[in-house]
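The structure appears right after this line, and notes come after that.
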Amino acid sequence: MDEKMVHLHIENCSKLGDILETTQERLDRALERHPDIANKVKITMGTDGKGFRDAMSTADALFCWDFERENVTELAPSLRWIHLQGAGVNHLLPLTWVPKDVCLTNSRGVHGERASEYVFMGMLGLNNRLPEMMTNQRKAKWEKLHSSRIRGKTVLIYGVGHVGGDVARIARSFGLRVIGIRRTGKDHEYVDDMYQPQDLAKLLPLADFIVVTAPHTPSTERVFGQDAFDLMKTGAGFVNYSRADLVDYAALQRVLEAGKISAVVDVFDQEPLPETSPLWQTPNLIITPHSSSNDPDHHADRSLDLLFENLGRFIDGRELKNTVDLDQQY
Numbered sequence: 001m002d003e004k005m006v007h008l009h010i011e012n013c014s015k016l017g018d019i020l021e022t023t024q025e026r027l028d029r030a031l032e033r034h035p036d037i038a039n040k041v042k043i044t045m046g047t048d049g050k051g052f053r054d055a056m057s058t059a060d061a062l063f064c065w066d067f068e069r070e071n072v073t074e075l076a077p078s079l080r081w082i083h084l085q086g087a088g089v090n091h092l093l094p095l096t097w098v099p100k101d102v103c104l105t106n107s108r109g110v111h112g113e114r115a116s117e118y119v120f121m122g123m124l125g126l127n128n129r130l131p132e133m134m135t136n137q138r139k140a141k142w143e144k145l146h147s148s149r150i151r152g153k154t155v156l157i158y159g160v161g162h163v164g165g166d167v168a169r170i171a172r173s174f175g176l177r178v179i180g181i182r183r184t185g186k187d188h189e190y191v192d193d194m195y196q197p198q199d200l201a202k203l204l205p206l207a208d209f210i211v212v213t214a215p216h217t218p219s220t221e222r223v224f225g226q227d228a229f230d231l232m233k234t235g236a237g238f239v240n241y242s243r244a245d246l247v248d249y250a251a252l253q254r255v256l257e258a259g260k261i262s263a264v265v266d267v268f269d270q271e272p273l274p275e276t277s278p279l280w281q282t283p284n285l286i287i288t289p290h291s292s293s294n295d296p297d298h299h300a301d302r303s304l305d306l307l308f309e310n311l312g313r314f315i316d317g318r319e320l321k322n323t324v325d326l327d328q329q330y
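Note that full-length UniProt numbering has the sequence shown beginning at 1, numbered continuously upward.
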C-alpha cells in the first residue's frame, strides 16, 4: 500500500438494517461525490466481524456502529480514528476502552431534519389531542375533544443540540415560545430563553409541550420521573425522541392513566417493546417503534458524506467534526 494512502475499514452491523448499511453502491456514489479523497484512501468492508481482525491490523480509521473493543490497541496498532454510523454512544459505554491516541466521532446531525419533523409531528398531534382520540377510537367511544391553536403556546426542549435546535427553529416558525435546556446554558438563535439542567423543575410548570432530545449520561438518568411529571401542567404534551434511559416509564404510565398529560414516545427500555408491556394498553399514549429519524432515502448517503468530509480533515491533520467528549459521554 502506498505510504500516503489511509486505510479506512467499514464495519457494517446487520442488526441495524438496510437503512444504515454501507453497500458497495452507496460507497461508490460517495467516492464520486468526493473525488479528492478517493485516490488517498484504501477501503475495506466487512459485516458482523467477518474479516474484521485482519482488516484492523493495518486500519488507520474505522467506520462502524458496534465492533470488537477488547484490546483495541493490540488489535489495531495503527488505528487513530473511529467514526460511528449513528449519534448515540450508549451501547459503547463506558468509553474507557478508547485508546488515548484515538479520536472518537459520531454522526450527530445527519438525521436532524427527519428527527425534527417527527418531533414536531408529535407536538402537533398532542396539540390536537390525537393520543386521547386514539384511546377513544380503540374503545369505539365518540367524544368531541377540542383544542386551541398551537401559536402562542410554550415548548420546553430538554437538550438543545442538532435535533433540539432544529425543533426550536420549526417551533418558532409556528409562533411558539421556546425555552430550552442545555448543559452549557449557551444561547441559541431560535430559543427565547435558555437554561441549564438544574433549572428543569422551575420550567416544567410553564410548558405546554416538553420535548426530550438530550443524550443519555449519568447526569440525565431518569431525569423525567414522578417528581418531574407531577410538576407538569394538566394537559401538557410529552415527546421522548432521544433515549429511554432519561424517562421513568412506570411513572409516565401512571400520569397517562390519570389523564394528566398525553405523550408520544419513540424509545423504550426494552426494544422491541414486549407484547406483555402495559404501555401497549396505556391510554393517552402514541407509541412509535424507534423509527423517528432513520431516513431510508438519505441517511446512509449523508453519513458517508460526513465520513468523507472528516476523512479529508484526518488526512490533512485538521480537527475532526463531531468529536465525542469522552468525559461527557456524548
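The beta-carbon is built from N, C-alpha and C at its ideal position, and this holds for glycine as well.
Computed from a predicted structure; not experimentally measured.
Among all the DSSP beta bridges, which residues are the ones paired with residue i?
{"i": "residue 8", "result": "43 and 61"}
{"i": "residue 194", "result": "180"}
{"i": "residue 83", "result": "63 and 105"}
{"i": "residue 264", "result": "239 and 286"}
{"i": "residue 156", "result": "179 and 210"}
Label residue i either buried or exposed according to how many other C-beta atoms from any shown protein chain fall within 10 Å of its C-beta, with 16 as the threshold for buried.
{"i": "residue 131", "result": "buried"}
{"i": "residue 149", "result": "exposed"}
{"i": "residue 324", "result": "buried"}
{"i": "residue 69", "result": "exposed"}
{"i": "residue 161", "result": "buried"}
{"i": "residue 142", "result": "exposed"}
{"i": "residue 201", "result": "exposed"}
{"i": "residue 91", "result": "exposed"}
{"i": "residue 11", "result": "buried"}
If we ignore side chains and look at the alpha-carbon of each, how far apart do residue i and residue j end up?
{"i": "residue 194", "j": "residue 207", "result": "14 Å"}
{"i": "residue 1", "j": "residue 57", "result": "Because the pLDDT at residue 1 is just 37, under 50, the model does not fix this residue reliably, and the point stays unresolved."}
{"i": "residue 83", "j": "residue 107", "result": "8 Å"}
{"i": "residue 86", "j": "residue 156", "result": "25 Å"}
{"i": "residue 311", "j": "residue 37", "result": "8 Å"}
{"i": "residue 116", "j": "residue 166", "result": "6 Å"}
{"i": "residue 257", "j": "residue 284", "result": "7 Å"}
{"i": "residue 183", "j": "residue 270", "result": "27 Å"}
{"i": "residue 262", "j": "residue 89", "result": "29 Å"}
{"i": "residue 189", "j": "residue 254", "result": "36 Å"}
{"i": "residue 196", "j": "residue 45", "result": "42 Å"}
{"i": "residue 203", "j": "residue 260", "result": "17 Å"}
{"i": "residue 246", "j": "residue 101", "result": "31 Å"}
{"i": "residue 181", "j": "residue 158", "result": "5 Å"}
{"i": "residue 213", "j": "residue 112", "result": "11 Å"}
{"i": "residue 173", "j": "residue 63", "result": "36 Å"}
{"i": "residue 215", "j": "residue 290", "result": "15 Å"}
{"i": "residue 67", "j": "residue 53", "result": "10 Å"}
{"i": "residue 209", "j": "residue 168", "result": "12 Å"}
{"i": "residue 251", "j": "residue 186", "result": "31 Å"}
{"i": "residue 264", "j": "residue 292", "result": "11 Å"}
{"i": "residue 179", "j": "residue 228", "result": "16 Å"}
{"i": "residue 43", "j": "residue 9", "result": "6 Å"}
What whole-angstrom Cβ distance do residue i and residue j have, given they're in contact under 8 Å?
{"i": "residue 321", "j": "residue 105", "result": "7 Å"}
{"i": "residue 72", "j": "residue 97", "result": "6 Å"}
{"i": "residue 134", "j": "residue 287", "result": "Not really, about 10 Å apart at Cβ, beyond 8 Å."}
{"i": "residue 78", "j": "residue 48", "result": "That belief does not hold up - the Cβ atoms of residue 78 and residue 48 are roughly 23 Å apart, past 8 Å."}
{"i": "residue 299", "j": "residue 163", "result": "With 8 Å as the limit, residue 299 and residue 163 do not qualify as a contact, their Cβ atoms being about 14 Å apart."}
Taking 8 Å as the limit between beta carbons, can you name the residues of its chain near residue i, skipping five residues before and five after?
{"i": "residue 205", "result": "231, 232 and 233"}
{"i": "residue 128", "result": "147"}
{"i": "residue 93", "result": "329"}
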